[in-house]
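Read through the structure below, which is laid out as structure tokens, and then see the notes.
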Amino acid sequence: MSATLYERIGGEPAVDAAVNIFYRKVLNDHRINRFFDNTDMDKQLAKQKAFFTMAFGGPNNYTGQDMRNAHANLVKTGLNEDHFNAVMEHLGATLTELNVPGDLIAEAAAIAESTRNDVLGK
Amino acid sequence: MYTLTIDQNTYICKSDETVLDALLRENINLSFACKKGTCHSCMVRSANVRPPKAAQSGLKNTQIKQNYFLACQCYPEQDMHLKLPDQSEFYRMGRVITNKLLNRNTILLVVAFEDAFEFNAGQFVNLQRSDGLTRSYSTANIPEQSNTLEFHIRRLPGGVFSSWLHDEVNMGDSIAVSEARGHCFYIPERHEQGILLVGTGTGLAPLAGILTDALANGHTGPIHLFHGSRELEDLYRIDEMRQLAEQHQNFHYTPCLSGSHIPEGFAAGRVNEIALSGIPDLKGWRVFLCGHPDMVNQMKKQAFLKGAAIADIYADAFLISTH
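Protein chains in written order, with our numbering: chain A, 1 to 122; chain B, 1001 to 1323.
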């Protein structure tokens, strides 16, 4: 059996490194930082970690319905395609910065992309 | 097959079972969510042995040192004694040996014990009155032979517990003290790393402990302490900190005042803003934040955006209760 994407990217240490870079990018991006600007940073970071674990195809228990429920309130406050695209942009830039090979970035992006409709409540 | 002991009860953990699965099978009420080591909901502590390394992956260094681990990732390698997060606390009786004013509204309370009290400088304990009223306070000293704990206690307007400590507790009185807790403390490693300490009011207590610990361990990197309040009268230990800064080349102390009257030798403004403007880049730094929750939460984010890694930011926000 070949290694999973999660293992090939580097497992949990890679997730931690990615979250550090990604969350800085997101908080500095005025298009989307209001969706991430929770006063409890630790809870936000746990969510980012779950996001990357999922994008790397790693262990997670999220269903499409979970994704819908988790983002329903954000959709009410205006979360749309542009915001989703901005997050995808930062995901790619983060992995590029970590020198993840292009084909693995494409795999991770495809996994994240597959949640688009659930996240946006479509 | 190993046994898991919680309080007086023992449970069997089968060879293919994680600690979490074994406890759930035994109907022990333990919170959990992802079962994959990501969410940290099922974090528990081993009271007797080092947990398997794999069960501590992703935890903070200070948690690892205290033998915290993730129950869902733990296949025991020996019998274990466990402490669950909600388990009732063990209290010890101490005797008050000092109760004196540090400034107009803060006392120094020193409690002595008959034998060694185990803690890391910067951790907090719960103090309990004989009627059961309980409050958390940070320790301000480092573990040493004298078996004492020091606290800085500010009188809160309408604060029942702080008023009791200020007005009614005398030298020689007994007080119940819980085991030490919290993840905001110094670990003697990476001695060349920069350390940033930012606190408001009695947030100085844990920071002073951490500072003393770092200096005692021969930390060589720069250590910057920023202590802030509105008015001069609410700061304390100013001369002591200035003296320490003279004695230690790598220690820098900046008292900050956000009110209107700023005497010479003090920085004007909010302590987190002064700290951030004083240090251009926090990449690779260890950051400790203690005090007002707004300051702590804001500064956590600001320190992170200035380059500090998430795992290197340690914070204790005051929880204020007046009931």
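All residues carry an ideal CB built from backbone N, CA and C; glycine is no exception.
Item: Coil, strand or helix - Thr1062/B by DSSP; Value: helix
Item: Leu1101/B classed as buried or exposed, judged by whether at least 16 other C-beta atoms fall within 10 angstroms; Value: exposed
Item: Neighbourhood of Leu1023/B by C-beta distance below 6 Å, restricted to the same chain and skipping five residues each side; Value: Leu1030
Item: Residues that Gln1128/B bridges to, as DSSP identifies them; Value: Thr1134/B, Ala1176/B
Item: Proximity test, Cβ basis, 8 Å: Ile1310/B and chain A; Value: yes
Item: Spatial distance of Pro989/B from Asp1016/B (CA atoms); Value: Lying before the first or after the last residue shown, residue 989/B is absent from chain B, which here runs from 1001 to 1323.
Item: Same chain, Cβ closer than 8 Å to Phe22/A, neighbours up to 5 away in sequence not counted; Value: Gln48, Phe52, His90, Leu91, Thr94
Item: Given Gly1218/B as reference, the closest of Gln1193/B, Asp1294/B, Phe1032/B once Cα atoms are compared; Value: Gln1193/B
Item: Exposed unless 16 or more other CB atoms sit within 10 angstroms - verdict on Ser1146/B; Value: exposed
Item: Alpha-carbon spacing of Leu79/A relative to Met67/A, whole angstroms; Value: 13 Å
Item: Collapsed DSSP secondary structure at Lys76/A in the structure displayed; Value: helix
Item: Sub-8 Å separation of Cys1256/B and Ala1245/B beta-carbons; Value: no
Item: Test: Phe1090/B CB closer than 8 Å to a CB of chain A; Value: no
Item: Option nearest Ala1047/B by Cα separation, candidates Gln1073/B, Ser1041/B, Asp1007/B, Lys1060/B; Value: Asp1007/B
Item: Within chain B, the residues that Glu12/A reaches when beta carbons sit closer than 7 Å; Value: Ser1057, Gly1058
Item: Beta-carbon contacts of Ala1071/B that lie in its chain and below 6 Å, excluding the five residues immediately before and after; Value: Val1019, Leu1020, Cys1042, Val1044
Item: Pair within 8 Å by beta-carbon distance, Val1111/B and Gly1094/B; Value: yes
Item: Those runs of the alpha helix (DSSP H) which lie wholly inside the region 1009–1060 of chain B and span at least 4 residues; Value: 1019–1025
Item: Glu1327/B: first and last residue of the uninterrupted beta strand (DSSP E) it sits in; Value: Here chain B has residues from 1001 to 1323 only, and residue 1327/B is not among them.
Item: Exposure label - Asp1213/B; buried when at least 16 CB within 10 Å; Value: buried
Item: Members of the region 1062–1073 of chain B near chain A, C-beta cut-off 9 Å; Value: none
Item: Top-ranked residue by Cα proximity to Tyr1314/B, from Cys1013/B, Ile1028/B, Gln1063/B, Lys1035/B; Value: Gln1063/B
Item: Cβ neighbour criterion (16 or more within 10 Å) applied to Phe1090/B; Value: exposed
Item: Which residues DSSP lists as bridging Ser1229/B, in chain order; Value: Leu1257/B
Item: Sequence-distant residues of the same chain with beta carbon closer than 6 Å to Ser1122/B, five excluded per side; Value: Checking the sequence, you will find Gly at residue 1122/B rather than Ser. Cys1184, Phe1185, Pro1206, Gly1209, Ile1210, listed in sequence order.
Item: Residues bridged to Thr1005/B (per DSSP); Value: Thr1010/B, His1081/B
Item: Below-8 Å beta-carbon distance, Met41/A vs any chain B residue; Value: yes
Item: Neighbour flag for Val19/A against chain B, beta carbons, 8 Å; Value: yes
Item: Distance, Ile1153/B Cα to Tyr1253/B Cα; Value: 22 Å
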